[in-house]
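See structure below.
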Amino acid sequence: MSRTWWQAIGAVAFALAVVAGTVTVTRAAMTSSPPAQAPAASDEGGPGVPGGPRGDSADAGFARDMAAHHQQAVEMSFLVRDRTKDADVRRLAYDIANTQANQRGMMLGWLDLWGLPKTGIAPMAWMGGSGPSGHSGHAQGPEGLMPGMATRAQLADLGKASGRDAEVRYLRLMTAHHKGGVEMARGCVRLCTVKVEKELAQGMVDAQQAEVELMEGMLRERGQ
174 MSRTWWQAIG AVAFALAVVA GTVTVTRAAM TSSPPAQAPA ASDEGGPGVP
224 GGPRGDSADA GFARDMAAHH QQAVEMSFLV RDRTKDADVR RLAYDIANTQ
274 ANQRGMMLGW LDLWGLPKTG IAPMAWMGGS GPSGHSGHAQ GPEGLMPGMA
324 TRAQLADLGK ASGRDAEVRY LRLMTAHHKG GVEMARGCVR LCTVKVEKEL
374 AQGMVDAQQA EVELMEGMLR ERGQ
């Protein structure tokens, strides 16, 4: 894999780290009166802390859904890392796992800060009908999964694969996963109101699009 590709990915990762670094200094901007201690979580659709997003807002919905979406990416990346010796695939898997685990922690932290629950009963409802198709912006995949997420059977198959087979399965699954994640992140850029969250979402779009191109190239190298 060319050095240029990894330099490009590294530049995007650095940009995301800069966004992450703004979280500490923007906490006060996310709610007008931060509590002295973590508030009790409200019901899913109700208000959290005064001045913060409601539980049924795009800000809360994106944070909840993308945290779950990221968790699967981390899981898949650890699966393939232990099933191949290919340096490029292992490096990519490590980068994805590290980046998305950190971002997941940020989003769950925001939900705590807002006094909102970390899980919801209606994934993708926050996107309404604002998706690219104009009519079904929160369409879910098989098993009621969010866009791009792998099924239980696909994860099981990845867990049993090794070598080139594991690499191809991972790259295919993660490419689809990233494309779904980009759709969700674009939804937040359009609909979210918390500035630092919108910035993080745009960073996800930029980084994951670059990684999709990288993974498509890696698949071509493997005859796919």
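Be aware that the sequence shown starts at 174, since it is given in this note's numbering, and climbs by one per residue.
Heads up, the beta-carbon is just placed ideally off N, CA and C, and yes, glycines get one too.
For residue i, does the three-state DSSP call read helix, strand or coil?
| i | result |
| --- | --- |
| Arg227 | strand |
| Gly332 | helix |
| Cys361 | helix |
| Met322 | coil |
| Arg256 | coil |
| Thr348 | helix |
| Ala380 | helix |
| Val369 | helix |
| Gln245 | helix |
| Gln397 | coil |
| Glu389 | helix |
Would you kindly work out how many angstroms separate the C-alpha atoms of residue i and residue j, rounded to a whole number?
| i | j | result |
| --- | --- | --- |
| Met300 | Lys333 | 35 Å |
| Ala263 | Ala295 | The question names Ala, yet the displayed sequence has Arg at residue 263. Taking the straight line joining both Cα atoms gives about 34 Å. |
| Gln382 | His351 | 7 Å |
| Gln210 | Pro290 | Caution applies to Gln210, whose pLDDT of 39 falls short of 50 and renders its modelled position unreliable; the value that the coordinates give is listed next. For Gln210 and Pro290, the distance between alpha carbons rounds to 16 Å. |
| Met347 | Val367 | 28 Å |
| Asp261 | Arg227 | 42 Å |
| Met135 | Leu373 | The requested residue 135 is not part of the displayed model; the chain covers only 174 to 397. |
| Gln327 | Arg342 | 9 Å |
| Ala240 | Val378 | 15 Å |
| Ala266 | His242 | 15 Å |
| Met391 | Val247 | 19 Å |
| Gly376 | Leu364 | 15 Å |
| Val362 | Asp232 | 10 Å |
| Ser230 | Leu387 | 33 Å |
| Arg417 | Glu394 | Residue coverage of the chain in this structure runs from 174 to 397, which leaves residue 417 outside it and unanswerable. |
| Met357 | Ala323 | 15 Å |
| Ala274 | Ala298 | 24 Å |
| Pro212 | Gly293 | Only weak support is given to the placement of Pro212: the predicted model assigns it a pLDDT of 38, under 50, and the value that follows is read from those uncertain coordinates. About 18 Å. |
| Arg359 | Arg277 | 17 Å |
| Gln244 | Gly288 | 21 Å |
| Glu340 | Leu318 | 23 Å |
If you count every other CB in all the chains shown that lies within 10 Å of the CB of residue i, and 16 or more means buried, which is it?
| i | result |
| --- | --- |
| Asp255 | exposed |
| Ala329 | exposed |
| Gly234 | buried |
| Arg325 | exposed |
| Ala380 | buried |
| Asp272 | One detail in the question is off: residue 272 reads as Thr in this sequence, not Asp. Burial call: buried. |
Closest to residue i by C-alpha separation, out of the options, would be which residue?
| i | options | result |
| --- | --- | --- |
| Gly321 | Cys361, Gly354 and Ser335 | Gly354 |
| Ser250 | Arg345, Gly228 and Arg395 | Arg345 |
| Leu286 | Gly224, Glu386, Glu356 and Arg359 | Gly224 |
| Leu252 | Ala380, Gln397 and Leu331 | Leu331 |
| Gly396 | Val385, Asp338 and Gly376 | Asp338 |
| Gly336 | Lys258, Leu284 and Asp229 | Lys258 |
| Glu389 | Ala323, Ala349, Asp238 and Val369 | Ala349 |
| Gly282 | Glu370, Val385 and Leu387 | Glu370 |
| Val131 | Gln244, Gln245 and Ile269 | Residue 131 is absent from the structure shown; the chain starts at 174 and stops at 397. |
Residue i CB to nearest chain E CB: under 9 Å?
| i | result |
| --- | --- |
| Gly293 | Looking at the structure shown, chain E is missing, and only one protein chain is on hand. |
Legend entry - Segments of 4+ residues assigned as alpha helix (DSSP H) that fall wholly inside the region 269 to 306: Those alpha helix (DSSP H) runs which fall completely within the region 269 to 306 and span 4+ residues do not exist here.
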